[in-house]
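Protein sequences, first through last, are from chains R and Z. Take the first sequence: its position 47, counting from 1, is numbered 42 in the working numbering, and each next residue is one higher. Take the second sequence: its position 2, counting from 1, is numbered -3 in the working numbering, and each next residue is one higher. Below is one structure, written out as structure tokens; comments come after it.
Protein chains: 2
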Amino acid sequence: MARAATTSDAFNAVAEPRRRDILNYLAMQERSVGEIVDAMEMGQPSVSKHLKVLKDVGLVEARREGRQMLYKVNGMAIRPLHEWTSTFERLWKHQLFRIKERAEAKNEEKK
Amino acid sequence: MARAATTSDAFNAVAEPRRRDILNYLAMQERSVGEIVDAMEMGQPSVSKHLKVLKDVGLVEARREGRQMLYKVNGMAIRPLHEWTSTFERLWKHQLFRIKERAEAKNEEKK
DNA sequence: TTGACATATTCTTATATAGGAATATATTGA
DNA sequence: TCAATATATTCCTATATAAGAATATGTCAA
């Protein structure tokens, strides 16, 4: 079997670096496809295709304004990713605590 | 060009649901491969291969104990994902605020 | 209606899997 | 050394891209 489809969920959609670039860019404000094409170093068809994937999983929303399509991030769709990573927060905080502890012990030695 | 390699970074590694399952299981405590195989519904070779990917991107660490290999999550490796999602926190909080506002306005109407 | 602009879709191709089967490697105890 | 246990790796195949080129669709202004 091949890999899960990028359209299956937000996790797969953001696995692609280009799509994270687009999301980062849109985090600031709503933008047209043309603006995204200019900002990224990618062809227009590629941008449109990435936007379609992002839209399919709900990570962005689009609205038409004249000839342009304006895209913006749907923050709520990123929340599940944030929540998932949060479940490991305890682990890295513990690691940071141990690093700090060792540093202090080493410092104490020098005295 | 095909998709980015799953071994390229943590984002790609966690895109696979099975690997998230494994990480969730390991979040509780260190486990042997055999325990993981029993807990997940996957064959042993599949588990070993997923563990290799997770290890290559630094999401898990392994140590041998007799015939067994014990794996545990490296919390620090998940931190970048958490940080990235955090940059969008402002957006979903804003959305939640607007939802709340509308609910209150609707409630006010009823009076 | 026509031309120009903005975006989306289709088609093709090279490539990276993920799972299953079979096999290899490592470690322990007798 | 040999058998048994625990993991890892290799080989194979079906499938899902991602990028580029070409083309289609949609919208506006005259």
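Every residue, glycine too, gets a C-beta built ideally from N, C-alpha and C.
Item: Could you give the residue range of the alpha helix (DSSP H) that holds residue 100/R?; Value: 84 to 105
Item: What is the DSSP secondary structure of residue -1/R, reduced to helix, strand or coil?; Value: coil
Item: Please list the partners that residue 17/Z has in chain R, where partner means a Cβ-to-Cβ separation under 8 Å.; Value: What residue 17/Z touches in chain R: nothing, since even the nearest Cβ is about 13 Å away.
Item: How far does the alpha helix (DSSP H) with residue 63/R in it extend, from its first residue to its last?; Value: It is not in any alpha helix (DSSP H) - residue 63/R instead sits in the beta strand (DSSP E) that spans 63 to 68.
Item: Using the Cα positions of residue 67/R and residue 103/R, report the straight-line distance between them to the nearest angstrom.; Value: 52 Å
Item: Would you be able to state if there are at least three C-beta pairs under 8 Å between the segment 10 to 25 of chain Z and the segment 68 to 77 of chain R?; Value: no
Item: Assign residue 52/Z to one of three DSSP states: helix, strand, or coil.; Value: coil
Item: Using three-state DSSP, classify residue 34/R as helix, strand or coil.; Value: helix
Item: Does the count of Cβ pairs from the segment 24 to 35 of chain Z and the segment 51 to 67 of chain Z closer than 8 Å reach three?; Value: yes
Item: Buried or exposed: where does residue 70/R fall if 16 or more other Cβ atoms within 10 Å of its Cβ makes it buried?; Value: buried
Item: What first and last residue would you give for the alpha helix (DSSP H) that runs through residue 16/Z?; Value: 12 to 23
Item: Within the same chain, show all residues whose beta-carbon is closer than 7 Å to that of residue 55/R, passing over the 5 residues directly before and after it, in chain order.; Value: 21, 46, 49, 66, 67, 68, 69
Item: Based on the DSSP output, what are the partners of residue 81/R in its beta bridges?; Value: Paired residue(s): none; residue 81/R is not in a bridge.
Item: Compute the beta-carbon to beta-carbon distance between residue 52/Z and residue 42/Z, rounded to the nearest angstrom, for a pair I have assumed lies under 8 Å.; Value: With 8 Å as the limit, residue 52/Z and residue 42/Z do not qualify as a contact, their Cβ atoms being about 16 Å apart.
Item: Contact check, residue -2/R vs residue -2/Z under 8 Å by CB: the rounded distance?; Value: 7 Å
Item: Could you tell me which residues DSSP puts in a beta bridge with residue 26/R?; Value: 66/R
Item: Using 8 Å as the limit for Cβ to Cβ distance, is residue 52/R near chain Z?; Value: no
Item: Return the residue from the list 105/Z, 79/Z, 88/Z, 94/Z that minimises the CA-CA distance to residue 6/R.; Value: 79/Z
Item: Looking at chain R, is there any beta carbon in it that lies within less than 8 Å of the beta carbon of residue 7/Z?; Value: yes
Item: In angstroms, rounded to a whole number, what distance separates the CA positions of residue 35/R and residue 83/Z?; Value: 19 Å
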